[in-house]
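Using this note's numbering, you'd call the opening residue of the sequence shown number 462 and step up by one each time.
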Amino acid sequence: MRQLTIHDQGQPIYPIYLTDDFASLGKAVSALNPKGRKICIVSESHVAPLYLDTVKANLAPVCGLVTSFVFEAGEGRKNLDTVQDLYEHLVEEHYERGDVLAALGGGVTGDLTGFAAATYMRGMRFIQIPTSLLAQVDSSIGGKTGVDFRACKNMVGAFHHPSLVYANVQTLHSLTEREYISGLGEIIKHGLIKDKAYYEWLKANREAILAQDPSVMTEMIFRSCKIKQEVVENDPREQGERALLNFGHTLGHAIEKLKDFSLLHGECVAIGMTGAARLSASRSMISTSDLEEIVQTLQDFKLPVRTDRLTAEITAETTLSDKKMNKGRIRFILLESIGRAVIRDDLTMDEITDAAAFCLVKGAEEDR
Ligand SMILES: NC(=O)c1ccc[n+]([C@@H]2O[C@H](COP(=O)([O-])OP(=O)(O)OC[C@H]3O[C@@H](n4cnc5c(N)ncnc54)[C@H](O)[C@@H]3O)[C@@H](O)[C@H]2O)c1
Ligand SMILES: [Zn+2]
């Protein structure tokens, strides 16, 4: 088992355990002193049949009562209706502020459970048991919780830290290959924005990573968690450095929306990183060969770098509605070199349109 601890202003606030089973979950949770308390495991229809019983069996001996709330899987259910259904379950089962929620699933489950925990009775504790690659390296860490509202992603939310993150890497084996590879988009991003040595390590271990070799996968998740940890500790409320994690996300979110969520998040981020790398090269911040190298690496990891049936102008326009605006200016994360990202808010519409054009192809299928 490997462990990291997230700090807030130097104080330890919660541990992240990286394991390959659920055997230590009970022990990890008993450190939160849930004796006599209820724990509600929140999960969804894909993950619950696979892991709910095991998680329940591990939690039952350390707390007063375990209940479960299972919703239909998918981003489409990450909304206030599902949160209300969850509140209803908590009320019916007489949950109190001292009780605990446990999010068992991907980022959708973690975001929704965290939001319910932040708001039910003005805030209760919750733990993250992330089961997707994206959730293990990204969404379970950092305390951002929330749900979608109408057509707007993550429009309603709260900062609320989990009390524990318990990631069992074995659960990744049941992910579809496409979901796993999509998670790799965020992992490659970690290397590109913060850590060149890690980026090179990812490239050197590509085959083992794609084959989901357990020890390489654990090392990769550990290193990515460390990068996310460093960034969120330096900037817990996303006022500065944390914005670097949005590399590839400005164009990525626009494409995600315009493609009506038919592409996965990490896939859109890979396409968005291609555009952001192009912008960085156009400004001579990185060389053309760096740009080509980044595009090749994303493709080597079977990620898409271009998408079809969109126009550059509309894609560029759509970036303006992104939450990553700062005082009316669009904020872009660019690369100064591989392993070093910077924030820029002085981009012209022409530059953004050119970057969008670079990651769009007319008519053809996604260029993987
Ligand atoms: N809070 C944050 O900081 C943060 C950061 C990034 C993303 N997010 C959010 O995370 C969400 C995306 O996360 P995601 O990609 O994990 O989505 P997800 O939760 O929908 O999971 C992706 C798919 O994988 C399935 N799945 C998950 N674990 C599985 C397993 N072990 N075996 C089989 N199937 C499994 C799910 O049922 C789903 O179909 C988005 O809503 C996004 O907004 C939040
Ligand atoms: Zn992301």
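C-beta: ideal position from N, C-alpha, C; glycine also.
(request) Using the Cα positions of L541 and F722, report the straight-line distance between them to the nearest angstrom. (result) Residue 541 sits at position 80 when you count from the first residue of the sequence shown. Residue 722 sits at position 261 when you count from the first residue of the sequence shown. C-alpha separation (whole angstroms): 19 Å.
(request) Please confirm whether any heavy atom of ligand 1 lies closer than 7 Å to the CB of G701. (result) The residue labelled residue 701 in the question sits at position 240 within the sequence shown. No - ligand 1 has no heavy atom lying nearer than 7 Å to the Cβ of G701.
(request) Quick one: grab the DSSP three-state call for Q589. (result) Position 128 of the sequence shown holds residue 589. It is a strand residue.
(request) Could you tell me whether the Cβ atoms of R639 and G559 are closer together than 8 Å? (result) On the sequence shown, residue 639 is found 178 positions in, with the first residue counted as 1. On the sequence shown, residue 559 is found 98 positions in, with the first residue counted as 1. No, they are not a contact pair.
(message) Against chain B, does R698 count as a neighbour if the rule is that its beta carbon must be under 8 Å from one of theirs?
(response) The chain inventory of the structure shown lacks chain B, comprising one protein chain alone.
(request) Could you pull the start and end residues of the alpha helix (DSSP H) that E797 belongs to? (result) Counting from 1 along the sequence shown, the entry for residue 797 is found at position 336. From DSSP, E797 is part of no alpha helix (DSSP H) but of the beta strand (DSSP E) over F793 to S798.
(request) Would you list the residues sitting across from P473 in a DSSP beta bridge? (result) By one-based count along the sequence shown, residue 473 stands at place 12. Bridge partners of P473: H468.
(message) Could you compute how far the alpha carbon of G701 sits from the alpha carbon of T814?
(response) Stepping through the sequence shown from its first residue, residue 701 is reached at position 240. Stepping through the sequence shown from its first residue, residue 814 is reached at position 353. Spanning the two alpha carbons is a distance of roughly 25 Å.
(request) Could you name the residues of the same chain whose beta carbon sits closer than 6 Å to that of S601, not counting the 5 residues immediately before and after it, in chain order? (result) Sequence index remark: in the sequence shown, residue 601 carries index 140 (1-based). Correct list, in chain order: G571, Q589, P591 and V626.
(message) Just to confirm the assignment, what range does the alpha helix (DSSP H) spanning V552 have?
(response) Sequence index remark: in the sequence shown, residue 552 carries index 91 (1-based). Run containing V552: L541 to E553, per the alpha helix (DSSP H) assignment.
(message) Using CA atoms only, rank isn't needed, just tell me which of I791, G568, T528 and W662 is closest to E536.
(response) To locate residue 536, count along the sequence shown from 1; it is residue 75. Nearest option by C-alpha distance: G568.
(message) For R566, list the residues DSSP reports as bridge partners.
(response) Walking along the sequence shown from the start, residue 566 turns up at place 105. The residue you asked about is not Arg; residue 566 is Gly in the sequence shown. Its beta-bridge partners are P591.
(message) I'd like the span of the beta strand (DSSP E) that includes V626, first residue to last.
(response) Numbered from its first residue, the sequence shown carries residue 626 at position 165. From DSSP, the beta strand (DSSP E) with V626 extends over L625 to N629.
(message) Please state whether the Cβ-Cβ distance between G800 and K655 is less than 8 Å.
(response) Looking up residue 800 in the sequence shown gives position 339. Looking up residue 655 in the sequence shown gives position 194. Going by C-beta atoms, G800 is nearer than 8 Å to K655.
(request) Could you check the C-alpha separation between Y478 and R463 for me, to the nearest Å? (result) The residue labelled residue 478 in the question sits at position 17 within the sequence shown. The residue labelled residue 463 in the question sits at position 2 within the sequence shown. Those two C-alpha atoms are separated by around 6 Å.
(message) With a threshold of 8 Å on Cβ separation, who are the neighbours of A825 within its own chain once the five nearest residues in sequence on each side are excluded?
(response) Taking the first residue of the sequence shown as position 1, residue 825 is located at position 364. Low local confidence applies: a pLDDT of 47 at A825 is under 50, so the model's placement there is unreliable, and no value is given.
(message) On the CB-based measure, 16 or more other CB atoms within 10 Å of its CB, does N629 come out buried or exposed?
(response) In the sequence shown, counting from the first residue as 1, residue 629 sits at position 168. N629 is buried by the Cβ-count criterion.
(message) Contact between the region 661-674 and the region 688-704 is defined here as three or more beta-carbon pairs at a separation below 8 Å; is this criterion met?
(response) no
(message) Taking 8 Å as the threshold (C-beta atoms), are S635 and H726 in contact?
(response) In the sequence shown, counting from the first residue as 1, residue 726 sits at position 265. In the sequence shown, counting from the first residue as 1, residue 635 sits at position 174. Contact: no.
(message) With H, G and I counted as helix, E and B as strand and the rest as coil, what does DSSP make of V766?
(response) For the purposes of this step, residue 766 is taken as residue 305 along the sequence shown, with counting starting at 1. Note: V766 maps to coil in three-state DSSP.
(message) Let me check one thing: in DSSP terms, what residues is G607 bridge-paired to?
(response) Counting from 1 along the sequence shown, the entry for residue 607 is found at position 146. The partner list for G607 (beta bridge, DSSP) reads G618.
(request) Say yes only if the C-beta of D599 is nearer than 7 Å to one or more non-hydrogen atoms of ligand 2, and no if none qualify. (result) By one-based count along the sequence shown, residue 599 stands at place 138. Indeed, a heavy atom of ligand 2 lies less than 7 Å from the Cβ.
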